[in-house]
Amino acid sequence: MSLVDFLKEIDESVKTVNSSDFDVEIVETDYVPSFSDSSITYENHDTKKKKCKRLESCVLYVDIRNSAKISASKRPKTLAKVYSSFVSSMLSCARYYGGHVRNIIGDRVMVVFDKQDCYTNAVDTAILMNTVCKCILNKRISSFEFSAGIGIDHGEMLITKSGAIKQGDEKEFYRTLVWLGKPANVASRLTDLANKEVYTSEQGVKEGLYFPLTDVWHWQNRTYVEFLNSLEKTFTPKLIHNKQYFSSFYLTTINQNTTVNSPILMTEKVYSGFKAARPNSDIVKNGWFSEKKLDVRDYQGKVFGGDVTKTAVNDI
Numbered sequence: 001m002s003l004v005d006f007l008k009e010i011d012e013s014v015k016t017v018n019s020s021d022f023d024v025e026i027v028e029t030d031y032v033p034s035f036s037d038s039s040i041t042y043e044n045h046d047t048k049k050k051k052c053k054r055l056e057s058c059v060l061y062v063d064i065r066n067s068a069k070i071s072a073s074k075r076p077k078t079l080a081k082v083y084s085s086f087v088s089s090m091l092s093c094a095r096y097y098g099g100h101v102r103n104i105i106g107d108r109v110m111v112v113f114d115k116q117d118c119y120t121n122a123v124d125t126a127i128l129m130n131t132v133c134k135c136i137l138n139k140r141i142s143s144f145e146f147s148a149g150i151g152i153d154h155g156e157m158l159i160t161k162s163g164a165i166k167q168g169d170e171k172e173f174y175r176t177l178v179w180l181g182k183p184a185n186v187a188s189r190l191t192d193l194a195n196k197e198v199y200t201s202e203q204g205v206k207e208g209l210y211f212p213l214t215d216v217w218h219w220q221n222r223t224y225v226e227f228l229n230s231l232e233k234t235f236t237p238k239l240i241h242n243k244q245y246f247s248s249f250y251l252t253t254i255n256q257n258t259t260v261n262s263p264i265l266m267t268e269k270v271y272s273g274f275k276a277a278r279p280n281s282d283i284v285k286n287g288w289f290s291e292k293k294l295d296v297r298d299y300q301g302k303v304f305g306g307d308v309t310k311t312a313v314n315d316i
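Residue numbering for the sequence shown follows the UniProt record's numbering, beginning at 1 and increasing consecutively.
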């Protein structure tokens, strides 16, 4: 086939799928579908039809922190052991509370839950994963300090089959279930922020006081507002400072601070659902998940986070 014919064929395919007479059938479900679900199909150009499903539930992502640095610094055999241990452990945690693993990309694992009890199952899974990461993987993987981040959101997701029908050894690489909707995106972004080291600072002023009798300089950091409030009103280019020995200043970086976000982050909807289902749990009564001031792209609600582990690990 020539390149021109190839491009024409693709153009015709796209035209057919996006035409007004091409029908997309959406079936509501309370259960996480698998790839073999007959209610989810590829686009059929002959019948001009495609079947999808829609699920309202929780989605969870988990992945290793600083995996790029780990990959660059570790030997291949060590790297294979680390990733194998992490992924297999997270899959086991997902299954323990009825979660369904629906994607594994590198060190990132996607878990979706059936609608019933999705809030409690998702949070329990996150706590179990955090427990395994902190108390088992971090102990057994001694070559570096192991940590992972977990993010959860809730909402409607459209599940569609994407890819192409292909035979042979490579057929698995040409097909997948795609989870479309805001919850999957928000949960993934929360995972990016979870357990992440955050550096904060602000621009300010380094203010210098010179004491001529002792020939000593004293320097101190001031915010812009503090510095401006130290200046007297004047209608000339000359600065008049309220401190007698003020002699110099320059712009600098102040209030530098490094913090680490909680390893488990979830949207307000997830935490509210969990709290409604288990109002008397220690997690709720003790406030082990609290509101965090985080900027999450395309999400305007509150974020709750915490570093909660299963108390049963004390016996390990």
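Beta carbons: idealized from backbone N, C-alpha and C, even for Gly.
Please read these numbers as outputs of a predicted model, since none were measured by experiment.
Buried versus exposed call for residue i [16 or more other C-beta atoms within 10 Å across all chains shown]
{"i": "Asp-23", "result": "exposed"}
{"i": "Ala-184", "result": "buried"}
{"i": "Arg-65", "result": "buried"}
{"i": "Asn-195", "result": "buried"}
{"i": "Arg-95", "result": "exposed"}
Contacting residues, own chain, Cβ-Cβ under 8 angstroms from residue i (five flanking each side not counted)
{"i": "Thr-252", "result": "Gln-203, Gly-204, Val-205, Lys-206, Asn-221"}
{"i": "Ala-277", "result": "Asp-117, Tyr-119, Thr-120"}
{"i": "Ser-230", "result": "Glu-207, Arg-222, His-241, Asn-242, Lys-243, Phe-246"}
Local conformation of residue i per DSSP, three classes
{"i": "Ser-85", "result": "helix"}
{"i": "Met-110", "result": "strand"}
{"i": "Val-186", "result": "helix"}
{"i": "Leu-228", "result": "helix"}
{"i": "Ile-283", "result": "helix"}
{"i": "Val-132", "result": "helix"}
{"i": "Ser-147", "result": "coil"}
{"i": "Phe-249", "result": "strand"}
{"i": "Gly-273", "result": "helix"}
{"i": "Leu-79", "result": "helix"}
{"i": "Arg-95", "result": "helix"}
{"i": "Glu-207", "result": "strand"}
{"i": "Leu-177", "result": "strand"}
Bridge partner(s) assigned by DSSP for residue i
{"i": "Thr-267", "result": "Val-303"}
{"i": "Arg-54", "result": "Glu-28, Leu-158"}
{"i": "Lys-49", "result": "Asp-23, Asn-44"}
{"i": "Asp-153", "result": "Val-59"}
{"i": "Glu-291", "result": "Phe-304"}
{"i": "Thr-258", "result": "Tyr-199"}
{"i": "Ile-64", "result": "Ala-148"}
{"i": "Asn-221", "result": "Lys-206"}
{"i": "Val-296", "result": "Note: Val-296 sits in no beta bridge, so no partner."}
{"i": "Ile-105", "result": "Arg-108"}
Same chain only: Cβ atoms within 7 angstroms of residue i, ignoring 5 sequence neighbours per side
{"i": "Glu-197", "result": "Thr-258, Val-260"}
{"i": "Tyr-83", "result": "Asp-107"}
Own chain, CB closer than 6 angstroms to residue i, minus 5 neighbours either side, in chain order
{"i": "Leu-91", "result": "Val-101"}
{"i": "Val-111", "result": "Leu-60, Ala-94, Gly-99, Val-101"}
Original post:
At a cut of 8 angstroms, does the region 254 to 261 reach the region 117 to 130 through at least three beta carbon pairs?
Top reply: no
Original post:
With contact counted as at least three CB pairs below 8 angstroms, one residue from each stretch, are the region 151 to 159 and the region 36 to 54 in contact?
Top reply: yes
Subject >> Segment contact flag, the region 145 to 152 with the region 168 to 180, C-beta cutoff 8 angstroms, min 3 pairs >> reply: no
**OP:** State whether the region 47 to 55 contacts the region 15 to 34, with contact taken as three or more CB pairs (one from each stretch) at a distance under 8 angstroms.
**Re:** yes
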